[in-house]
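Chemist: All residue numbers in the sequence shown are consecutive under my numbering, ending with 325.
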Amino acid sequence: MSAELDTIESGLALVLLREMIRIRRFEERCVELYSAARIRGFVHLYIGEEAVAVGVMNALDGDDDVVATYREHGHALARGVPAASIMAEMYGVQEGCSRGRGGSMHLFDIGRRFYGGNAIVGGGLPIAVGLALARKMQGRGGVVACFFGEGAVAEGEFHECMNLAALWKLPVLFCCENNLYAMGTALARSESETDLSIKASSYEMPAWPVDGMDVLAVRDATQRAAEAVRAGGGPTFLELRTYRFRAHSMYDPERYRDKNEVATWRERDPIAAFVALCGIADDDVAAIERDADAEVAAAVAFAEAGTPEPVEDLTRFVTSEPGRT
Ligand SMILES: Cc1ncc(C[n+]2csc(CCOP(=O)(O)OP(=O)(O)O)c2C)c(N)n1
Ligand SMILES: [Mg+2]
């Protein structure tokens, strides 16, 4: 561990690194499994953005709520949803965290207060505000962390949610993952004001930009923001500036961005940058990578051995079934 880095203890550094590497290795394996047609449907990779989910999640409590988007493998892993139940979900088998009915975009784990996974851009925002309203009305305290991409800022429900959360002083931590693109649309082509924290401030809530490639900066910002939310001051907005290294989803010719731009951001790889910053030894990194690979291999074996839903059950859960689980 580097001597200059006296503000962070080595145990914490290894925890943050391990979580980022778990996400990276899990998703790299997903690419192979997708090519082999073991995983089908939509798959959106988080590679390059790991510092955001890991930094935020590390600063939350187990009793807080989390709402995420369709790019949520990393959030689910960092929240503690077992890799095996996520992989099984991607295989579409009953052992998956959503019984295999949701797939990659609809990971859900009520026990860990992980409320999805949502395929609708901005769709998690009203869910988060509703959860926060319930918390406030029941006097439960805590924070609802809501992740969404910068593309959601163009949605009407974003503005409705920002307004009501601020007006009613609801305990929401808005985590805007600004990776500069919404599919192939660059932020500057869709927003008149590209500084999203300024936009959020106009709703009368604290908002500031954060370097989303720096896991410590994300963790620190989240601690500060969550503290303000817990104190009852209403919502806080973090604009987490990051970049996705891979395509939007599995098929995307990426004609909307320059290869040099991608290469420049890759130089700021959040994992490599953190290893360098903390001076973590190669052997320690290699050991973490081995553990992550073993965890992912076990997850794949679990998913491969999973049980497909029987055809006669396919209409179950369309409506609720009181008394039946
Ligand atoms: C309401 C709605 N409109 C359009 C789409 C199609 N769509 C899927 S992902 C996406 C881009 C969203 O970008 P952003 O919010 O920045 O998230 P990112 O993919 O960059 O993480 C769009 C337009 C959708 N899923 N839902
Ligand atoms: Mg985006």
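Even glycine gets a Cβ: it sits at the ideal position worked out from N, Cα and C.
Applying the 10 Å Cβ sphere with the 16-neighbour rule, what's the burial state of L107?
Modeler: It is buried - the Cβ of L107 has at least 16 other Cβ atoms within 10 Å.
Chemist: Within a Cβ cutoff of 6 Å, which residues of the same chain sit near V67, ignoring the five residues on either side of it in sequence?
Modeler: If we look at V67 and ignore the five residues flanking it on each side, its Cβ neighbours are Y115, G124, I127, A128 and C146.
Chemist: Can you pull the DSSP bridge partners for G102?
Modeler: G102 pairs with nothing; no bridge assigned.
Chemist: Any heavy atom of ligand 2 inside 7 Å of the beta-carbon of Y181?
Modeler: For ligand 2, at least one heavy atom lies less than 7 Å from the Cβ of Y181.
Chemist: What are the boundary residues of the alpha helix (DSSP H) that includes E177?
Modeler: Here E177 belongs to no alpha helix (DSSP H); instead the beta strand (DSSP E) covers V172 to N178.
Chemist: If you follow the alpha helix (DSSP H) that A273 is part of, which residue opens it and which one closes it?
Modeler: P270 to C278 is the span of the alpha helix (DSSP H), which, as asked, contains A273.
Chemist: Just to confirm before moving on: does the CB-CB distance between R230 and G141 stay below 8 Å?
Modeler: Yes, Cβ-Cβ distance for R230 and G141 is below 8 Å.
Chemist: Given M183, which residues of its chain have a CB within under 7 Å of its CB, disregarding the five upstream and five downstream residues?
Modeler: Excluding positions up to five away in sequence, the list reads H248.
Chemist: Starting from E239, follow the beta strand (DSSP E) in both directions and report where the run begins and ends.
Modeler: First-last of the beta strand (DSSP E) with E239: T236 to R241.
Chemist: Skipping 5 residues on each side, what residues in its chain have a beta carbon closer than 8 Å to that of G198?
Modeler: The sequence given here places Ile at residue 198; Gly does not occur at that position. Closer than 8 Å at the Cβ level, and outside the excluded window around I198, lie A207.
Chemist: DSSP has A146 in a bridge; who is on the other side?
Modeler: The amino acid occupying residue 146 in the given sequence is Cys; Ala does not appear at that position. V67 and F174.
Chemist: So V172 packs on G306, CB below 8 Å; how close in whole Å?
Modeler: 35 Å between Cβ atoms; not a contact.
Chemist: Is Y181 helix, strand or coil by DSSP?
Modeler: Y181: strand per DSSP, three-state reduction.
Chemist: Where does L77 land, buried or exposed, given buried means 16+ other C-beta within 10 angstroms?
Modeler: Answer is buried; the Cβ neighbour count reaches 16.
Chemist: Leaving out five residues before and five after A36 in sequence, what residues of the same chain have Cβ atoms less than 6 Å from its Cβ?
Modeler: The answer is none, since no qualifying residue turns up.
Chemist: In angstroms, rounded to a whole number, what distance separates the CA positions of M20 and R266?
Modeler: The alpha-carbon atoms of M20 and R266 are separated by roughly 15 Å.
Chemist: Around the Cβ of Y251, are there at least 16 other Cβ atoms within 10 angstroms (buried) or fewer (exposed)?
Modeler: With fewer than 16 Cβ atoms within 10 Å of its Cβ, Y251 is classed as exposed.
Chemist: Is G151 a contact residue of ligand 2, with contact defined as CB to any heavy atom under 7 Å?
Modeler: Under cutoff, so the answer is yes.
Chemist: Does the stretch 213-225 touch the stretch 179-196, meaning 3 or more C-beta pairs lie closer than 8 Å?
Modeler: As far as the Cβ criterion goes, the stretch 179-196 does not touch the stretch 213-225, which means the pair count is below three.
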